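Asker:
Residue numbers (my numbering), protein chains in the order written: chain A, 279 to 706; chain B, -1 to 126.
#1: What is the residue span of the alpha helix (DSSP H) that residue 529/A lies within?
#2: Residue 287/A: which of 518/A, 452/A, 582/A and 564/A sits nearest, CA to CA?
#3: Out of 546/A, 656/A, 457/A and 589/A, which has the shortest C-alpha to C-alpha gap to residue 640/A?
#4: Might you give, ordered along the chain, the residues of its own chain that have their beta carbon closer than 6 angstroms to the beta carbon of residue 320/A, omitting 5 neighbours on each side?
#5: With a CB to CB cut of under 6 angstroms and the five nearest residues on each side skipped, what residues in its chain are close to residue 83/B?
#6: Mind listing which residues of the region 49 to 76 of chain B have their C-beta closer than 7 angstroms to chain A's C-betas, in chain order?
#7: So residue 647/A contacts chain D; which residues on that side make the cut at Cβ distance below 8 angstroms?
#8: For residue 431/A, which three-state DSSP category applies?
#9: Please list the residues of the region 16 to 32 of chain B that have a C-beta atom closer than 8 angstroms to any C-beta atom in chain A, keeping them in chain order.
#10: Using a Cβ cut-off of 7 angstroms, pull out every chain A residue sitting near residue 122/B, in sequence order please.
#11: How far does the beta strand (DSSP E) with residue 411/A in it reach, from first residue to last?
#12: In whole angstroms, what is the alpha-carbon distance linking residue 385/A and residue 15/B?
#13: Along chain B, in chain order, which residues have C-beta atoms closer than 7 angstroms to that of residue 627/A?
#14: Helix, strand or coil, according to DSSP, for residue 698/A in the structure here?
#15: According to a CB-to-CB cut-off of less than 7 angstroms, which residues of the region 511 to 523 of chain A neighbour chain B?
#16: Measuring only the C-alpha atoms, how far is residue 644/A from residue 20/B?
#17: Taking 8 angstroms as the threshold (beta carbon to beta carbon), is residue 117/B in contact with chain A?
#18: Looking at the C-beta of residue 288/A, does it have a partner C-beta in chain B at a distance below 8 angstroms?
#19: Per DSSP, which one or two residues make a beta bridge with residue 352/A?
#20: Can you tell me whether residue 492/A is helix, strand or coil according to DSSP?
#21: Once the 5 residues before and after residue 325/A are set aside, which same chain residues still bring their CB inside 6 angstroms of it?
#22: With H, G and I counted as helix, E and B as strand and the rest as coil, what does DSSP make of residue 523/A?
#23: Could you run through the region 494 to 505 of chain A and flag, in chain order, every residue whose CB is less than 7 angstroms away from some CB of chain B?
#24: What do you reckon, are the CB atoms on residue 480/A and residue 598/A nearer than 8 angstroms?
#25: Since residue 305/A sits in a beta bridge, which residues does DSSP pair it with?
#26: Give the range of the alpha helix (DSSP H) segment to which residue 463/A is assigned.
#27: Where does residue 474/A land, buried or exposed, given buried means 16+ other C-beta within 10 angstroms?
#28: Considering only DSSP beta bridges, list what residue 635/A is partnered with.
#29: With DSSP as the reference, label residue 347/A as helix, strand or coil.
#30: Does residue 25/B come out as helix, strand or coil in the three-state DSSP assignment?
#31: Going by beta-carbon coordinates alone, are residue 632/A and residue 583/A separated by less than 8 angstroms?
#32: Could you tell me the distance, in whole angstroms, from the CA atom of residue 50/B to the CA atom of residue 630/A?
#33: Taking beta-carbon pairs under 7 angstroms, can you tell me which members of the region 585 to 606 of chain A lie near chain B?
#34: Using three-state DSSP, classify residue 604/A as helix, strand or coil.
#35: Please report the distance separating the alpha-carbon of residue 704/A from that of residue 642/A.
#36: With distances taken Cα to Cα, identify the nearest neighbour of residue 6/B among 108/B, 124/B, 121/B and 122/B.
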């Protein structure tokens, strides 16, 4: 499967009467987006605001972040089974507005969701301080049930991203990157002397506000399967996860999965990137046992020499991570796990909620318990009404001037457990 | 099911054997589950289900069974529950549970209920 990703670099975003791209600036029509979002009767409010790198702007509470992408050639449509019709994606050409995002904000439940600062000392902890963001602030209809509101918020973001991405369809990309993975036997034959490496991508799938979708299928209802890495670049995986801002894998992070990106960088040089095994993080221990057995079976079946595993979340997923690590290792495949850490305030407690002796090689994405200071900002997109109860905030953390202190875990993607960040914990 | 979430009690009373106590803290539910494990029960659901950490949500529900569904290794469940109790103390030592508004408390009940609804909808629950 071969995908050309045409990157159109966006350096600014502005409002206009219609939506288009010119000379690296994304122009968006506010009214059309608001109309599109309000087609869903579950939502009664939709307000579009813009946030650019370096501005004194704070966005909170953030639900999802999405990079606008559109299918230009090849089968299917972006976000298959969710927005686009169900159909295989991952081949042909896709255009991306790199440097632009759609961000959905609004209170889904009273305690969760994170913060993005576009400037100041905390901006460096989130990649979205460096992007030009089209923020959609949503409000639910009175009495809307939580599940329905989450679904409406998720769809609002995806629909807006698809709408914005249409502007990229007929443009000549600034750069085209080609990614290719062949069918297994051909792929192994292409680089017979290089180690065969795979990637186990664990999807959050525990329930309300903890869900992920693959071609529209609720990930808690599938069994481990094999995916071509390019499928994810066309939006085969969509985030419905709202819990724990710091290590939430947004839809943007699925589209731009850094493990897949880096494995392709090394593909054909010092390793042979064979493919992705998708699995889930269910609440049922029987599901965990069955699915970790299947992950190990698939790893062995693919003839892998080694693989990387990433998780999403803390606690329950740590058990899946460890079961996968243990069983894959016992199947004779070398494992490196990638995760963030919660070792307590002094950094001395167990970082994860579970551990096995086989988990002896780990890449750390930093720890979420560090307390950082957030200075006041000139403009707020969303609301700070809930900051004391957002994850990482605490009673009395908010000051009258709009500044506050909170744990790093309140910032979107600050310790994301797939390495799309710049933090790590070191052993001294 | 051991739980301190009244909405789980309301939903499954009569369908499951429910050990409910509204006075229980998150820790008390873990300890109750631990006691069942010592009495020969097996964990069906992960004690730390949900990414909401033990110092963030007041509610916890755990399902156990007298019969194991997966032939897990000996002491797996005891290790899991003890690790969960240790994780609870780590987080609470770091920062205790906030005084949530009633709206937030209800949201936490909804999240916990939703996790259990996912479990109850799993075909494996209808096997017995």
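Ideal placement from N, C-alpha and C gives every residue a C-beta, glycine not left out.
This one's a predicted model, so the numbers in the text were calculated from it and none came from an experiment.
Answerer: Taking the definition as stated:
#1: Translated into the one-based positions of the first chain, residue 529/A becomes position 251. Where residue 529/A is concerned, the enclosing alpha helix (DSSP H) stretches over 529 to 533.
#2: Along the first chain, read from residue 1 onward, the residue named residue 287/A stands at position 9. When each option's Cα is compared against that of residue 287/A, the closest is 452/A.
#3: Counting from 1 along the first chain, the entry for residue 640/A is found at position 362. Nearest Cα to residue 640/A within the set 546/A, 656/A, 457/A and 589/A: 589/A.
#4: Within the first chain, residue 320/A is the residue found at index 42, counting from 1. Around residue 320/A, the same chain offers 419, 422, 426 and 430 as residues with beta carbons nearer than 6 angstroms, after the five sequence neighbours per side are excluded.
#5: Taking the second chain and counting its residues from 1, one reaches residue 83/B at position 85. Result list for residue 83/B: 28, in chain order.
#6: 49, 50, 51, 54, 67, 68 and 70
#7: The structure shown contains no chain D; the protein chains it does contain are A and B.
#8: Looking up residue 431/A in the first chain gives position 153. Residue 431/A falls in the helix class under three-state DSSP.
#9: The residues in question: there are none.
#10: Mapped onto the second chain, residue 122/B falls at position 124. Within 7 angstroms of the CB of residue 122/B, the CB atoms of chain A belong to 562 and 564, in sequence order along the chain.
#11: Start at 1 with the first residue of the first chain, and residue 411/A comes out as number 133. Here the beta strand (DSSP E) through residue 411/A covers 410 to 418.
#12: Counted from its first residue, the first chain places residue 385/A at position 107. Counted from its first residue, the second chain places residue 15/B at position 17. Looking at the two C-alpha atoms, the distance is approximately 36 angstroms.
#13: Taking the first chain and counting its residues from 1, one reaches residue 627/A at position 349. Per Cβ cutoff of 7 angstroms: 88.
#14: Locating residue 698/A in the first chain gives position 420, where the first residue counts as 1. Looking at residue 698/A - three-state DSSP - the assignment turns out to be coil, as it is neither helix nor strand.
#15: Hits within the stretch, in order: 521 and 522.
#16: By one-based count along the first chain, residue 644/A stands at place 366. By one-based count along the second chain, residue 20/B stands at place 22. In this structure, the CA atom of residue 644/A is about 37 angstroms from the CA atom of residue 20/B.
#17: Within the second chain, the letter at position 119 stands for residue 117/B. Judged by the 8 angstroms Cβ criterion, residue 117/B is in contact with chain A.
#18: Mapped onto the first chain, residue 288/A falls at position 10. Residue 288/A does not count as touching chain B.
#19: Here residue 352/A refers to the residue found at position 74 of the first chain. DSSP, once it has assigned bridges, lists no residue as partnering residue 352/A.
#20: Within the first chain, numbered from 1, the residue matching residue 492/A stands at position 214. Strand at residue 492/A.
#21: As a position in the first chain, residue 325/A is number 47, starting the count at 1. Taken in chain order, the residues that qualify are 415.
#22: Numbered from 1 along the first chain, position 245 holds the residue referred to as residue 523/A. Residue 523/A falls in the helix class under three-state DSSP.
#23: 498
#24: For the purposes of this step, residue 480/A is taken as the residue at position 202 of the first chain. For the purposes of this step, residue 598/A is taken as the residue at position 320 of the first chain. Yes; because the gap between Cβ atoms is below 8 angstroms, this pair is in contact.
#25: Position 27 of the first chain, counted from the first residue, corresponds to residue 305/A. The partner list for residue 305/A (beta bridge, DSSP) reads 292/A and 298/A.
#26: For the purposes of this step, residue 463/A is identified with residue 185 of the first chain, where counting begins at 1. Start and end: 462 to 468.
#27: Against the first chain, residue 474/A aligns to sequence position 196. Under this definition residue 474/A is a buried residue.
#28: Looking up residue 635/A in the first chain gives position 357. For residue 635/A, which the question treats as bridged, DSSP gives no partner whatsoever.
#29: Stepping through the first chain from its first residue, residue 347/A is reached at position 69. Note: residue 347/A maps to strand in three-state DSSP.
#30: Sequence index remark: in the second chain, residue 25/B carries index 27 (1-based). DSSP places residue 25/B in helix when its eight states are reduced to three.
#31: Your numbering for residue 632/A matches position 354 in the first chain. Your numbering for residue 583/A matches position 305 in the first chain. Contact flag unset, no.
#32: Translated into positions along the second chain, residue 50/B becomes position 52. Translated into positions along the first chain, residue 630/A becomes position 352. Going from the Cα of residue 50/B to the Cα of residue 630/A covers about 14 angstroms.
#33: 591, 592, 593, 594 and 597
#34: Looking up residue 604/A in the first chain gives position 326. In the structure shown, the three-state DSSP call for residue 604/A is helix.
#35: As a first step, residue 704/A is located in the first chain; it is residue number 426 there, counting from the start. As a first step, residue 642/A is located in the first chain; it is residue number 364 there, counting from the start. Going from the Cα of residue 704/A to the Cα of residue 642/A covers about 8 angstroms.
#36: Translated into positions along the second chain, residue 6/B becomes position 8. Closest by alpha carbon: 108/B.
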